[in-house]
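All residue numbers for the sequence shown refer to UniProt numbering, where the first residue is 1 and numbers rise by one.
Ideal placement from N, C-alpha and C gives every residue a C-beta, glycine not left out.
Structure first, commentary second.
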Amino acid sequence: MCETTPLLVSFLKIIHNKYPQINLQFIQSKIDNDPRHYDFQLVPLPVPEQHNELLLSEEVFLATSKENSQSTFQLEKINQLPLIEMNESPFADFIQRFLSAQRIDPQVVLRTGDRNLMINLVAQGYASCFVPELSWNSTANLEKISLHKIGKNGFHRRIYLSYPYGPRTSIQEQVATLLLNYSHSLKKT
1 MCETTPLLVS FLKIIHNKYP QINLQFIQSK IDNDPRHYDF QLVPLPVPEQ
51 HNELLLSEEV FLATSKENSQ STFQLEKINQ LPLIEMNESP FADFIQRFLS
101 AQRIDPQVVL RTGDRNLMIN LVAQGYASCF VPELSWNSTA NLEKISLHKI
151 GKNGFHRRIY LSYPYGPRTS IQEQVATLLL NYSHSLKKT
């Protein structure tokens, strides 16, 4: 994986519960696309010349303190807000590309990798931040904040399960199915 996702803990749990005999190893870094080095990749974009399945599509919201009752945030208003950004990561890159495409240059007051710190500072009214709809629910108390659709259409990020073409073992197929089924069930809850 090129970034950790809070969903990883849930993924581990469902894999371990179903296949306790599997020894899992993880690599978090730029991914070497040599298929002998991994069974699966969790990536923000499809990997060329590999099988890619959409694992998760989630809306990204602007998080503010509970005092802000707006349901939708106009893009240009983001320039007027102090903003907390994630440290360098595919999620941070995704947000930066979106903001740049909209010609938005927010006032960044903090960069951190600590999701709970971000949420707590937002809850106290210190700043705003961007929050993905589903994947942060397991690690941050989102009840402390208000989540706002961005613009009239909002915007979404995607996470793909990518793996090399070619023969798959029965366990590889079953693990892929477990992860896909779990991820698809998140939207229904």
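Item, Value
"Sequence-distant residues of the same chain with beta carbon closer than 7 Å to E53, five excluded per side", "Y160, L161, L180"
"Within the stretch 56 to 123, ranges of the beta strand (DSSP E) (whole runs, at least 3 residues)", "82 to 86, 107 to 112"
"Between the CA atoms of T177 and H184 - distance to the nearest angstrom", "10 Å"
"Sheet register partners of Q41 (DSSP bridge)", "S162"
"Span separating the alpha-carbon of Y19 from that of A101", "44 Å"
"Assigned exposure category for residue 202 - 16 Cβ within 10 Å defines buried", "Any property of residue 202 remains undetermined from this structure, which presents the chain solely from 1 to 189."
"Which listed residue (Y38, Y182, I145, R158) has its alpha carbon closest to that of P46", "R158"
"7 Å CB neighbourhood of D39 in its chain, flanking five on each side removed", "Y163, Q172"
"Check whether L186 and L134 have beta carbons under 8 Å apart", "yes"
"Given 8 Å, three or more beta-carbon pairs between the stretch 105 to 116 and the stretch 59 to 74", "no"
"Where H16 falls, given that 16 or more other Cβ within 10 Å makes a residue buried", "exposed"
"Collapsed DSSP secondary structure at I22 in the structure displayed", "coil"
"H51 beta carbon less than 8 Å from that of Y182", "no"
"C129 versus R103 - alpha carbon distance", "17 Å"
"CB contact check: F61 to chain D, cutoff 8 Å", "Looking for chain D here will not work: only one protein chain is present."
"Distance, V9 Cα to E59 Cα", "21 Å"
"Same chain, Cβ closer than 8 Å to N79, five either side skipped, listed in chain order", "I104, D105, P106, Q107"
"Separation of F26 from T112, as counted between CA atoms", "23 Å"
"DSSP three-state assignment for V131, whether helix, strand or coil", "strand"
"A127 vs I95 beta-carbon contact at 8 Å", "no"
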